[in-house]
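Quick mapping for you: the protein sequence lines, in order, are chains G and S.
With my numbering applied, the first sequence closes on residue 314, and no number is skipped along the way.
With my numbering applied, the second sequence closes on residue 605, and no number is skipped along the way.
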Amino acid sequence: MLSFLGRRVLIAIPTVLLISVFVFALQKFLPGDPVLALAGEDRNPEMLAFLREKYRLNDPLYLQYFHWIGNALRGDLGISLRTQQPVLELIGQKLPVTVQLAVMALIFAVVIGIPAGVISAYKKGTWIDWLANIISLSGLSVPNFWLGIMLILLVSVKLGWLPASGYQPLTEDPLQSLRTMLMPAFVLGSGLAATLMRHTRSAMLGVLQSDYVRTARAKGLNERTVVLKHALRNALVPIVTVVTLLFGELLAGAVLTEQIFTIPGFGKLVVDAVFNRDYAVVQGIVLCTAIAFIAMNILADALYRILNPRMRDQ
Amino acid sequence: MTAVTNIPADAPLPRRRSRVWQRLRGNPSALFGGALVGFFLLIAILAPILPLPGPAATDWNAIRKAPSVAHWLGTDELGRDVLSRMVWGAQASLLAGVVSVAIAMGIGIPLGVMAGYARGWTDAVISRVTEALLAAPFLILAIALAAFLGPSLTNAMIAIGLSAMPIFIRLARGQTLQVMTEDYMESARAVGLGHGVIIWRYIMPNIFPPLLVQATLAIATAIITEASLSFLGLGQQPPAPSWGSMLNTAKGFLEQAPWMALWPGVAIFLVVLGFNLLGDGLRDALDPKGS
Numbered sequence: 001m002l003s004f005l006g007r008r009v010l011i012a013i014p015t016v017l018l019i020s021v022f023v024f025a026l027q028k029f030l031p032g033d034p035v036l037a038l039a040g041e042d043r044n045p046e047m048l049a050f051l052r053e054k055y056r057l058n059d060p061l062y063l064q065y066f067h068w069i070g071n072a073l074r075g076d077l078g079i080s081l082r083t084q085q086p087v088l089e090l091i092g093q094k095l096p097v098t099v100q101l102a103v104m105a106l107i108f109a110v111v112i113g114i115p116a117g118v119i120s121a122y123k124k125g126t127w128i129d130w131l132a133n134i135i136s137l138s139g140l141s142v143p144n145f146w147l148g149i150m151l152i153l154l155v156s157v158k159l160g161w162l163p164a165s166g167y168q169p170l171t172e173d174p175l176q177s178l179r180t181m182l183m184p185a186f187v188l189g190s191g192l193a194a195t196l197m198r199h200t201r202s203a204m205l206g207v208l209q210s211d212y213v214r215t216a217r218a219k220g221l222n223e224r225t226v227v228l229k230h231a232l233r234n235a236l237v238p239i240v241t242v243v244t245l246l247f248g249e250l251l252a253g254a255v256l257t258e259q260i261f262t263i264p265g266f267g268k269l270v271v272d273a274v275f276n277r278d279y280a281v282v283q284g285i286v287l288c289t290a291i292a293f294i295a296m297n298i299l300a301d302a303l304y305r306i307l308n309p310r311m312r313d314q
Numbered sequence: 315m316t317a318v319t320n321i322p323a324d325a326p327l328p329r330r331r332s333r334v335w336q337r338l339r340g341n342p343s344a345l346f347g348g349a350l351v352g353f354f355l356l357i358a359i360l361a362p363i364l365p366l367p368g369p370a371a372t373d374w375n376a377i378r379k380a381p382s383v384a385h386w387l388g389t390d391e392l393g394r395d396v397l398s399r400m401v402w403g404a405q406a407s408l409l410a411g412v413v414s415v416a417i418a419m420g421i422g423i424p425l426g427v428m429a430g431y432a433r434g435w436t437d438a439v440i441s442r443v444t445e446a447l448l449a450a451p452f453l454i455l456a457i458a459l460a461a462f463l464g465p466s467l468t469n470a471m472i473a474i475g476l477s478a479m480p481i482f483i484r485l486a487r488g489q490t491l492q493v494m495t496e497d498y499m500e501s502a503r504a505v506g507l508g509h510g511v512i513i514w515r516y517i518m519p520n521i522f523p524p525l526l527v528q529a530t531l532a533i534a535t536a537i538i539t540e541a542s543l544s545f546l547g548l549g550q551q552p553p554a555p556s557w558g559s560m561l562n563t564a565k566g567f568l569e570q571a572p573w574m575a576l577w578p579g580v581a582i583f584l585v586v587l588g589f590n591l592l593g594d595g596l597r598d599a600l601d602p603k604g605s
């Protein structure tokens with residue numbers, strides 16, 4: 001397993017380097033002079049020349065890239081223009097909020113999506129299957145920011161059951177933290193639940209037709225044991241990897257959810273950085289999410305090998 | 315983005331086309347999806363001749379009025395007719411969906427075919443760059459690109475198109491590699507046909523069906539992404555209407571004028587559902603394993 005992980009990490013290195021080139025190019029091919037943004041009000045020629053020298057903007061492009069990537073490898077992704085904080089520190093502050101949201105969304109998705117997929121596959125061709133498919137396709141088609149707005153209108157404004165916005169750290173007031181995150185997590189998890197339902201249904205359909213399930217039934221085991229113990233356990237192998245891959249997407253999907261519910265997480269940081277033209281933060285976020293995405297891919301591959309004994313010897 | 319489809323190309327094309335059409339016609343959900351798409355396409359095209367007030371025409375005596383006979387879907391915070399803005403917004407959403415997917419296909423398919431056809435270094439370089447682009451989450455990539463290009467509908471379409479491009483490169487490459495192993499490719503090379511002729515006459519028609527399915531599903535994703543970018547203020551700029559920017563404005567008037575938030579979301583949902591149903595139906599119809 002270690003050599004497998006080592007190989008996967010080695011293969012990922014050129015991909016990460018290419019992403020870094022892309023992220024670096026994003027800023028370099030922008031119209032406008034970044035020094036003017038850095039200088040703010042003070043635009044006298046000496047100051048502009050000083051900043052150009054300080055940030056090595058007079059160097060050839062490839063040298064600028066090596067300087068930037070060298071700093072990035074040491075954990076220095078630059079300074080936020082708006083807050084003057086190091087970008088990595090900012091990301092580190094906001095990430096736990098988004099991770100809490102993503103984990104809660106994932107729990108929602110698993111609790112709704114997997115049982116719905118199992119039932120849908122077991123009742124294939126019936127009205128239950130048809131209804132589950134309609135709901136899952138609707139879940140994939142509904143824009144989650146609109147779902148959020150509608151839930152705020154119904155649950156917060158009309159019924160007054162849950163707060164419409166805000167964030168309470170889990171460590172300070174766990175109950176209030178869960179209350180504020182409940183609606184955003186449902187909104188973020190609904191699309192994922194639909195995807196999981198479709199994957200579970202498809203995996204279960206394959207497994208339910210397999211020989212060992214037929215043998216289990218022939219042995220006289222009750223349906224509950226056949227479906228939950230024999231079929232679902234095997235169908236879960238690809239589903240676990242899908243969940244791992246989708247966790248990365250949840251971090252990205254949080255952008256809109258956090259915006260609607262005013263949650264001060266990673267997603268809100270992206271949007272604020274975009275509107276403040278805080279390019280170092282945008283670059284840092286794209287780089288970090290891409291690396292997180294690759295890491296989740298490697299983890300998904302590793303989990304697949306752990307859960308599927310036939311893969312271990314390959 | 316939606317998952318990459320993988321449908322082998324077999325059977326002669328004309329016979330396959332009629333079989334696909336027959337299967338599609340026998341699939342009620344695909345037909346329903348097609349009808350939804352057709353309906354929105356029709357109102358987008360007919361927007362200039364429909365008897366509605368202009369989408370930017372304000373009426374200071376009808377600010378945030380609930381749905382009525384005069385304004386079927388109500389009015390917004392500037393007294394503009396919500397129905398009219400919805401109809402014109404359909405143009406922006408469908409245009410964004412189609413144009414951004416056309417950009418993604420226009421760049422992605424030639425690169426994918428080139429990688430699969432030429433193999434070697436060309437394939438290695440294109441594949442590595444594609445993997446790198448696929449590693450960046452779609453929405454974050456689109457937001458970053460839209461931010462760097464500047465907020466406008468055109469730039470949003472370019473940003474979405476570039477973000478969706480890698481999936482088309484990967485799909486076109488995979489399909490080309492598959493077609494390259496067919497016997498008729500061997501014959502085409504043996505009779506000395508040029509690369510351009512082989513690609514245009516033998517590869518493109520055979521890799522097209524799965525790309526069409528992917529395009530249909532990608533339009534659905536592109537419409538949601540455009541609405542998301544407009545919702546964030548990175549797409550269509552006011553006063554031009556778009557469903558996403560209408561929702562952004564509506565967010566501030568949830569208590570006073572909930573209808574402002576209701577209809578644009580319903581429209582996005584229906585049109586995206588339409589493309590998803592149509593895409594699913596096309597995939598089933600093109601799947602040789604299907605009945």
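We treat Cβ as the ideally placed atom computed from N, Cα and C, and that holds for glycine.
Other residues of its chain near residue i: CB distance less than 8 Å, five sequence neighbours each side excluded
i: G:Ala216; result: Thr225, Val226, His230
i: G:Pro86; result: Asp76, Leu77, Gly78, Ile79, Ser80
i: S:Tyr498; result: Tyr516
Closest by C-alpha distance to residue i, when choosing among the options
i: S:Glu569; options: G:Leu154, G:Tyr122, G:Ser20; result: G:Leu154
i: S:Leu485; options: S:Ala380, S:Pro523, S:Leu576; result: S:Pro523
i: G:Leu38; options: G:Leu287, G:Leu299, G:Ile306, G:Asp278; result: G:Asp278
i: S:Thr468; options: S:Ala349, S:Leu355, S:Ala554, S:Gly368; result: S:Ala554
i: G:Ile285; options: G:Asp211, G:Leu2, G:Phe50, G:Lys94; result: G:Lys94
i: S:Gly510; options: S:Pro451, S:Met428, S:Ala541; result: S:Met428
i: G:Leu61; options: G:Ile91, G:Pro45, G:Lys28; result: G:Lys28
i: S:Gly434; options: S:Arg487, S:Ala532, S:Ile421; result: S:Arg487
i: S:Leu682; options: S:Gly411, S:Met419, S:Leu591, S:Gly368; result: Missing from the structure shown is residue 682 of chain S; chain S here goes from 315 to 605 and no further.
i: G:Pro96; options: G:Pro169, G:Asp211, G:Asn297; result: G:Pro169
i: S:Leu350; options: S:Gly430, S:Lys565, S:Gly588; result: S:Gly588
i: S:Pro342; options: S:Asp601, S:Gly595, S:Ala581; result: S:Gly595
i: G:Thr98; options: G:Arg233, G:Arg214, G:Glu249; result: G:Glu249
i: S:Arg442; options: G:Ile11, G:Leu101, G:Val110; result: G:Ile11
Where residue i falls: helix, strand or coil (DSSP)
i: S:Thr372; result: coil
i: G:Pro86; result: strand
i: G:Ile79; result: strand
i: G:Asp278; result: coil
i: G:Thr126; result: coil
i: S:Thr495; result: coil
i: G:Thr262; result: coil
i: G:Thr171; result: coil
i: S:Asp395; result: strand
Beta-carbon proximity list for residue i, same chain, < 6 Å, skipping 5 on both sides
i: S:Asn320; result: Only weak support is given to the placement of S:Asn320: the predicted model assigns it a pLDDT of 46, under 50, and the value that follows is read from those uncertain coordinates. Excluding sequence neighbours, S:Asn320 sits near nothing in its chain.
i: G:Leu2; result: none
i: G:Ile19; result: Ala290
i: S:Ile417; result: Gly475
i: S:Tyr431; result: Thr490
Limits of the alpha helix (DSSP H) - the one that residue i falls within
i: S:Asn562; result: 557-564
i: G:Met181; result: 174-208
i: S:Leu525; result: 518-546
i: S:Ala599; result: 573-600
i: G:Tyr62; result: 61-73
i: S:Ile377; result: S:Ile377 -> no alpha helix (DSSP H), and no H or E assigned at all.
i: G:Ser20; result: 2-28
i: G:Tyr212; result: 211-218
i: G:Lys54; result: 45-54
7 Å Cβ shell around residue i - same chain, five flanking residues per side excluded
i: G:Ala203; result: Ala235, Pro238, Ile239
i: S:Leu409; result: none
i: G:Val255; result: Gly267, Val270, Val271
i: G:Arg82; result: Asn276, Asp278
i: S:Ala380; result: Gly388, Trp573
i: G:Ile149; result: Ile260
i: G:Leu162; result: Val155, Ser156, Arg179, Leu182, Met183
i: S:Leu455; result: Ser477
**OP:** Would you be able to state if there are at least three C-beta pairs under 8 Å between the stretch 158-169 of chain G and the stretch 67-80 of chain G?
**Re:** no
Original post:
Is the stretch 444-451 of chain S in contact with the stretch 385-392 of chain S, if contact means three or more CB pairs nearer than 8 Å?
Top reply: no
Subject >> Stretch pair the stretch 246-255 of chain G + the stretch 185-195 of chain G: three plus CB contacts closer than 8 Å >> reply: yes
Subject >> Contact the stretch 535-551 of chain S vs the stretch 356-373 of chain S: 3+ CB pairs below 8 Å >> reply: no
Subject >> At least three beta-carbon pairs within less than 8 Å, the stretch 409-426 of chain S to the stretch 473-484 of chain S >> reply: yes
Original post:
Does the pairing of the stretch 289-309 of chain G with the stretch 131-147 of chain G give three or more beta-carbon distances under 8 Å?
Top reply: no
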